[in-house]
Amino acid sequence: MFVEWASAVSQEDQRLEDFLFERFPPELKRATDAWLTLEPETNPNAPPSPFAMPEYTLVQSEESEKLAIMADGFFEQATQANLTSDNYVLLTVIFASVLFFGGISGKFQSRTIDFAMLILAFVLFIGGVAVMLRYPVH
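Residues in the sequence shown are numbered from 46 upward in steps of one, following the numbering used here.
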């Protein structure tokens, strides 16, 4: 719409220029008014367009920045939840190992190996319970 307005200005079509200017969004209208006060046709220090003016700010861009910050927070929460779930899966594997080593502890011909498997199962069980008690429950 701004390009059409600029074209109407260059063609000196006041009716089309006014028509388009009235339909500018409020942000663009404010920025264009401020830009025109700088006389951009003759002032080489004026910004190239009203879009480069500090008066031109989009409400949506401010909201998108807030939402991006919220999204970063949610991403951190999701990462932490994923880590917690991975840790619970690891505990499942540890407790399955306890069952495995406890189950095979009586199957060997050597009492020493049977006892070693039972001790290993017990150590894994105690370690798994100790780690599990530190994990969040929610």
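Built from N, CA and C at the ideal position, the CB exists for glycine as well.
What you are looking at is a predicted structure, and each value in this text was computed from that prediction instead of being measured.
DSSP three-state assignment for residue i, whether helix, strand or coil
i: residue 83; result: coil
i: residue 177; result: helix
i: residue 172; result: helix
i: residue 78; result: helix
i: residue 153; result: coil
i: residue 54; result: helix
i: residue 182; result: coil
i: residue 70; result: coil
Residue range of the alpha helix (DSSP H) that includes residue i
i: residue 102; result: It is not in any alpha helix (DSSP H) - residue 102 carries neither H nor E in the DSSP assignment.
i: residue 60; result: 59 to 67
CB of residue i within 9 Å of CB of residue j, strictly
i: residue 72; j: residue 102; result: yes
i: residue 143; j: residue 116; result: no
i: residue 139; j: residue 118; result: no
Cβ-Cβ separation, residue j to residue i (assumed contact under 8 Å), whole Å
i: residue 186; j: residue 76; result: Lying outside 46 to 183, the shown extent of the chain, residue 186 is not represented and no answer is given.
i: residue 46; j: residue 64; result: Actually they do not touch by this definition, with Cβ atoms about 11 Å apart.
i: residue 54; j: residue 62; result: 5 Å
Beta-carbon contacts of residue i that lie in its chain and below 7 Å, excluding the five residues immediately before and after
i: residue 97; result: none
i: residue 135; result: none
8 Å CB neighbourhood of residue i in its chain, flanking five on each side removed
i: residue 104; result: 72
i: residue 149; result: 162
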